[in-house]
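Using numbering that gives the first Met the number 0, the first residue of the sequence shown is number 0, and each one after it goes up by one. Notes for the one structure printed next.
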Amino acid sequence: MKTNIFSKLLTTYLVIILITLLVVGLFLTQLFQTYFYDARERELSLKGRQVSEIFSNMILGLQDPRISDDLLFALRRFMDADVHLMPKDMLLLASSAGFDETGLRLTDDELGQVLNGQVVSKRSFHHETREQMLTVVVPIFAMNDVWGGIFLIAPLTGISATVAQVRNMIAYAALAATILAMIVGFYMSKSISQPLQLMNRAALEVAGGNYQQQVEVASLDEVGQLARTFNYMSSTLQQTVEALSHEKAKLENIMLSMNEGVLAVDRQGQVILANPQAKLLLQSMEKDFTGREIHSLLQNEAMSELYRQVIITSETASAEYHLSDGKILFLQIAPLRRADRTWGAVGILQDVTEVRRLEQMRRDFVANVSHELRTPMTSIQGFVEALLDGLAEDKESQNRYLNIILDETVRLNSLVNDLLDLSQLEARQVSWPMEEVAVRPLFEQVAAKFQPQLERQNLTLEIKVDGDLPAVLGNKDRIQQVLINLLGNAVSFTPAGGKITLAAVPAAEMVRLSVSDTGVGIPPEEQEKIWGRFHKVDKARTRRFGGTGLGLSIVKQIVETHGGTVGLESVPGQGSTFHLTLNKA
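Shown next, in the form of structure tokens:
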């Protein structure tokens, strides 16, 4: 059953008042009853002593005995009590059973007290009248001896009625006091409970996120102080929550803008925080990691073991992991401490796949450059030393050595120039004038440069360009460089009797140029790698034809600088098609 402070206060007031009135009523009833009984007893005792003196005088002959009966009759009416005169011989029988119903019976102790000259009073119940009786026995002295006793027996009906009236008055007063107390208690309880109810509703609003709640302060007592404290708490809490929300928003923005994944766990290994990048790195489709076990999210068991190690040792740890999909993740974990106790750990996940690939490319680049430079420089050094040592004595040998040195120097110079061009292209440090370039004349110019080589290797070159093909927008010299590189590769890797095709077709807002051959083709596993620097499918054949492995890298950078794309389609043993797209003029 639901109770509130209002009903509790009102009930408490009423219970206290009722208990107080009950105790007071019982006390007053008992007080009045005792007072009336004692007053009646004192009255009978006093009158009994006076009557005892009269009978003592009569016994001693000092008073006419004829007036005794009239005196007893008058005393009965005057004192509203039965008066019985009992000589000593009858008095001695007052303790026997025959006196039970008369109200004159005494106990042995009471009889002894009367015989010793003491007044005895007692209360008894009359069986015939069914009333309470008050009996007072006063001894009669004659010649310093107890001659007998006077029994004064009075009903207590009047006293009981008076006590009943007093009890009724107390009951009526208690009822009136209760009603008044209920009215006063109602308003007092209301004055206490109503502000508390208002504060309760305001507290529920605050719990729901409305921190602007204020309670009216209507008093200066403890309830008023509580209201002021609540208002202060509400305003302070609003400021605190706003500060926390601001900090939370900053943290969330930082977490969202991070390229690294953040994954925090508690001491039991359950996730308590994860940003979207962590879910992306772990390739999980779940929207919320919170509450998940860390080992169920990480692909590598060693990663979850590293979390457990950091929590146990409270020391920072890091490691690099190679996943089954080829991705490389770097995980750095730091412990979360509170009061010198580690309660969790937070890990930073970084995808270092591209970094490691670039590092490997850098190492390969250095190795390839070193290798490509060493070969011509070794040749140049060897032949120069031969000339200096006089090994070429005749003019013909000297000319042959010098021609070899010249070829290697040209090759070395070409390699350096290609490296410089590639570096500038990758750094976007070039600025070319753009113009409209007609495709067919450009194809014919490039083909003319390779005509002697085509005839020497017995290769057929075909140009396919529609008459209405629009011109492209670009730098003519750079586009020509691209076509020369592609056509040079086609000539180098196409056997005698093969065919090479230069074609151009429109493609939406672009123009698609292609160089096709019927050469040896490129294996599928090499097709994605050929655009890298110094990558050679057949290193021995490439070196024989003077290739540096930078041509296709330069082609890719030039086309992309023009806003186009490059691609390759090749079948080993059947030939290859290199294609690129350029913007229409």
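A virtual CB, placed ideally from N, CA and C, is assigned to each residue, including glycine. Here the structure is a predicted model, which means the values were calculated and not measured.
Nearest to R166 by C-alpha distance, out of L21, V345, Q349, E353, is L21.
As computed with DSSP, Y320 is found in a beta bridge with L328. In the DSSP assignment, R340 falls within the unbroken beta strand (DSSP E) covering 340-350. Excluding its 5 nearest sequence neighbours in each direction, Q112 has C-beta neighbours in its own chain below 6 Å: V119, listed in chain order.
Under the 8 Å Cβ criterion, the stretch 138-151 does not count as touching the stretch 163-182, having fewer than three qualifying pairs.
The C-alpha of T161 is placed about 37 Å away from the C-alpha of V145.
Collapsing the DSSP output to three states places G566 in a strand. Residue range 81-86 is occupied by the beta strand (DSSP E) that includes D81. The three-state reading of DSSP puts N115 in coil, since its state is none of H, G, I, E or B.
Within the stretch 483-507, the complete beta strand (DSSP E) segments at least 3 residues long are 498-506, listed from N- to C-terminus. Here the alpha carbon of V415 sits roughly 13 Å from the alpha carbon of M376. Among the bridge pairs identified by DSSP, A333 is matched with V345. Contact check between the stretch 243-251 and the stretch 264-271: fewer than three CB pairs, one atom from each, fall below 8 Å, which does not count as touching. Judged by DSSP in its simplified three-state form, H578 adopts strand. Put simply, the backbone Cα of E524 is about 12 Å away from that of E568.
Beyond the five residues adjoining it in sequence on each side, P275 comes within less than 7 Å, by CB distance, of L255 in the same chain, given in chain order.
Of the candidates A338, V565, T228, E559, the residue whose Cα lies closest to the Cα of E527 is V565. Judged by DSSP in its simplified three-state form, Q269 adopts strand. In this structure A507 is exposed. Its beta-carbon is surrounded by fewer than 16 other beta-carbon atoms within 10 angstroms. Counting the other CB atoms within 10 Å of its CB gives P138 a total of 16 or more, which places it among the buried residues. Selection G184, Q29, A584, G290 evaluated against Q164 yields Q29 as nearest (Cα-Cα). Here Q452 is exposed, its C-beta having fewer than 16 other C-beta atoms within 10 Å. Taking C-alpha positions only, P334 is separated from G343 by approximately 6 Å. With a 10 Å radius around the Cβ and a threshold of 16 neighbouring Cβ atoms, M198 comes out buried. Closest in alpha carbon position to P522, among S283, T493, S575, I478, is S575.
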